[in-house]
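Residue numbers (the working numbering): 2 to 503.
Just so you know, even glycine gets a beta-carbon here, dropped at the ideal spot from N, CA and C.
Remarks on the structure that follows.
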Amino acid sequence: MPQTEDSKHEMLNKCSDYYRTNQVELKKIELFRNNYTSDKAIEWYTCDSFIYRLLNKALRTEDIDLLYLFRFYIIDLCSQIEQESKRKVIDTETFTLYRGQQISTDEFNKLKANVGVLISINGFFSTSRDMSIAQGFIAGANDTDYMKTVLFEIKVQSNLEKVMFADVDQYSRIQGEQEVLFSVGAVFKIDNIQFDLYLQLWKIAMTATDDGLTNIQNYVNSIRQEIDDISPSILFGALLFNEMGQIDKAEKYFNMLLKTLPRDHPDVPDAYDQIANIFAEQGKLNMALENYTHAYEIRQVRFLNDDIHIANSLHNLGFIHKQKGEYDKAMDYYRKVLAIDEKHYPNDHANKAHTMTCIGMVYNLNKEYDFALDYMMKSYEMYKRLLPYQHPYISSTLWNIGEVYKNKLEYDCALEFYHSALEMNEKILPNDHPDLKKNLDQITELYTEKGDYAQALNYCQEKLTILRSVLEENHPRIVHILMKINDLAELSNGGLDQYSSA
């Protein structure tokens, strides 16, 4: 449901029932009921009250029914953190935040097993700029067989774009804590975990990062940015799916939404689209198609045939038919999208460039390589006019062009575009980003196909350097690449003694 008084009272009635014997909390609930506005979301979260405790319980246990009750407040809190995050000074300053906490031994062991790996936080994550304040939250705590005392030490660059965080001291009822609050879904890389003999606790060093938030739904929806009238109810479900990775719970949420919404509610087609996105992510393509089709049929009744909402549905249908290998159907839908794009965006536009890329990809899959190159080159030129040169859409398009040349068996041309994409990705992605490893792997394979084993070996060794920066030496992927290096070395110059390492 949209953010209405009804959803607020529904949440508060549940809270009142939970605290029915606690007069102190019941008074706070009534204060919230009478005085809360969306610009006070952070203030209420940072005070010791029912909202903080029950919301964190819902997020920690991933209780979809409880999360559903808190949907209006979660959206308010995420929105206010995002607003504050956008106000921060954009520069290259790096600063350090701290969080003292006791965590379960099981959770601690999972973190230790994932050093070098990205993790996503399911809840809101409160930190302090002052280490002594963070230590105060764990003062006197001792390790047990079941609990570990830890101090998170988090490096943050203030120019992060996807990780939403905000200085909330001005909103906090407890002044002087220098609190910085991260929104749900913040991603961190675990750098190392070491026991600090002086502090007598475990230090967990992490770095906040923009990486790690990609999936099929992001791919489908990232460009269709013109449709921005998405309701809080749809955004909440998308939060479960995209930011928290709770695919099953997101599906349950959207089905609950469809059961409670009137048939003519504007959110209904968006809910069907989101369910379809979930099925597409799971590889259930026929079920995805069924739900995309429901959304399209509803929009056909509500909008003119050349409306951008219709284009969004057509784009989804083109995408799913492409995934199913039904290239002629996919092409028909994408061409209809392009016709609508041409009407709404007579000049250069990212939507139009993306649609041309999709058409080019279908031509490539259908082995019509010259047509594929024509559309992809047009998309590439348009992106160059629209975007900064070092942009992920440009590097992705360069890579797609390289793929077409590879399929045409024009390996030198393919390598030219592969190298351009790799050079750009090396500047805009961290060394351990999976796309970078994939780029290096495919370039290595292409050099091998050409019989240029020396160059293949060079790129294989570069990939090994990246893997060693994030994995233990005995990791299966390290072993695999060492064996591959040995095979290539034998082909190029008679062998390289790497098996001992493997």
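- Using a 10 angstroms sphere on the CB of L410, the tally of other CB atoms stays under 16, which defines it as exposed.
- When DSSP states are grouped into helix, strand and coil, R100 belongs to the strand group.
- Under DSSP, N193 forms a beta bridge with A206.
- With respect to Y376, L399 sits apart: the two C-beta atoms are not nearer than 8 Å.
- With a contact defined as Cβ atoms closer than 8 Å, L55 and I30 miss out at about 10 Å.
- A direct Cα-Cα distance of roughly 7 Å separates K379 from M357.
- Excluding five sequence positions before and after D146, the CB atoms of its chain that fall closer than 8 Å to its own CB belong to T106, given in chain order.
- Here the segment 123 to 135 lies against the segment 176 to 190, with 3 or more beta-carbon pairs under 8 Å apart.
- Here V151 is not near F196, since their CB atoms are 8 Å or more apart.
- Two segments are said to touch when three or more pairs of C-beta atoms, one from each, lie closer than 8 Å; by this definition the segment 278 to 292 does not touch the segment 303 to 312.
- Between Q179 and R130, the C-beta spacing is below 8 Å.
- In this structure, Y293 places its C-beta atom within 8 Å of the C-beta atom of N317.
- Where S121 is concerned, the enclosing beta strand (DSSP E) starts and stops at L119 to S121.
- The segment 25 to 73 contains, as complete alpha helix (DSSP H) runs of 4+ residues, the segments 42 to 46, 51 to 62 and 65 to 70 (chain order).
- The secondary-structure analysis by DSSP pairs M12 with nothing; it has no beta-bridge partner.
- Considering only A415, K9 and S133, the residue with the shortest C-alpha distance to E450 is A415.
- A residue is called buried when at least 16 other Cβ atoms come within 10 angstroms of its Cβ; A455 does not meet this threshold and is exposed.
- Separation of the CB atoms of L68 and Y46 is rounded to 15 Å, and the pair is thereby denied contact status at 8 Å.
- Counting C-beta pairs with one atom in each stretch, the segment 133 to 144 and the segment 95 to 103 have three or more that are closer than 8 Å, which means they touch.
- With respect to the 8 Å criterion, I467 and K485 are not classified as neighbours on the basis of their beta carbons.
- DSSP lists Y99 and A206 as the bridge partner or partners of E154.
- With at least 16 other beta carbons inside 10 angstroms of its own, D342 counts as buried.
- In the DSSP assignment, L259 falls within the alpha helix (DSSP H) that extends over I248 to T261.
- Between A209 and L161 a beta carbon distance of about 6 Å is seen, short of the 8 Å cut, so the two are scored as contacting.
- Scanning its chain for C-beta atoms nearer than 6 Å, with the 5 sequence neighbours on each side dropped, one finds around L492 the residues Y454, in chain order.
- 8 Å or more divides the Cβ of I299 from the Cβ of Y335.
- Burial of T445 is indicated by the presence of at least 16 other C-beta atoms within 10 angstroms of its C-beta.
- In this structure, the beta-carbon distance from E404 to N365 falls below 8 Å.
- About 32 Å separates the beta carbon of L70 from that of I191, a gap too long to meet the 8 Å contact definition.
- Assigned with DSSP and collapsed to three states, M332 falls in helix.
- In the DSSP secondary-structure assignment, D168 is bridged to V181.
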